[in-house]
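Residue numbers (UniProt numbering): 1 to 186. Don't be surprised by glycine CBs; every beta carbon is placed ideally from N, CA and C.
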């Protein structure tokens, strides 16, 4: 059986998503302007990075986790264990869960900020980011083979991160002015 996982695989996945997102941004630039193209590419990259970081097993040799030993429900123990996820960075798991969703919230606002409909789309997108966090946690519960745990603390931290990113995006709108990024067609 071939098993895939570990930090190296996660980093490669995030880098590959970055390359593809950059190509998408370059392709969209003439059509929607630089700021919106970068924001759309960044949003796609951040959503993919979230999936890779949360759905790839943390170590390569996980193999099959027997159904009897896996959890049947999400942990509702708010705060739960807060181990050092990436000790080299000096950040704990809760901080990383918040930081993981900040770019998605920020890029979301900048991606829809060029249109008036962004006033509706941005809050709707924030709700969808919250749903994305819940979906990731439920997938972790259902996919016993990846040896991950569904945890309400992760959901709260992810949604907090998306909210922080959303506020950063709103603050960046007047500086980046995505509505001015494209010249009208002649």
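What whole-angstrom Cβ distance do residue i and residue j have, given they're in contact under 8 Å?
i: residue 4; j: residue 136; result: Contact flag wrong, Cβ pair sits at about 18 Å.
i: residue 161; j: residue 105; result: 7 Å
i: residue 176; j: residue 35; result: 5 Å
i: residue 142; j: residue 148; result: About 10 Å; that fails the 8 Å criterion.
i: residue 98; j: residue 164; result: 7 Å
Helix, strand or coil for residue i? Go by DSSP, reduced to three states.
i: residue 171; result: helix
i: residue 23; result: helix
i: residue 91; result: strand
Can you find the residues in the same chain that come closer than 7 Å, C-beta to C-beta, to residue i, ignoring five residues on each side of it along the sequence?
i: residue 125; result: 108 and 112
i: residue 138; result: 150
i: residue 43; result: 104, 107, 108 and 111
i: residue 84; result: A caution first: residue 84 carries a pLDDT of 49, below 50, which makes its placement in the model too unreliable to give a value.
Cutting at 6 Å between CB atoms, please list the residues of its own chain near residue i, excluding the five before and the five after it.
i: residue 37; result: 25, 28 and 29
i: residue 114; result: 36, 178 and 179
i: residue 23; result: none
Considering only the alpha carbon of each residue, which of the options lies closest to residue i?
i: residue 11; options: 53, 31, 21 and 47; result: 53
i: residue 17; options: 46, 166, 7 and 31; result: 46
i: residue 166; options: 102, 15 and 13; result: 102
i: residue 133; options: 114, 121 and 154; result: 154
i: residue 56; options: 31, 33, 39 and 13; result: 13
i: residue 157; options: 128, 8, 32 and 95; result: 95
Quick one: what's got a C-beta closer than 8 Å to residue i's C-beta in the same chain, skipping five residues either side?
i: residue 100; result: 49, 50, 53, 54, 158 and 161
Could I get the ranges of all uninterrupted alpha helix (DSSP H) runs contained in the stretch 114–146, with 4 residues as the minimum, in chain order?
-> 118–142
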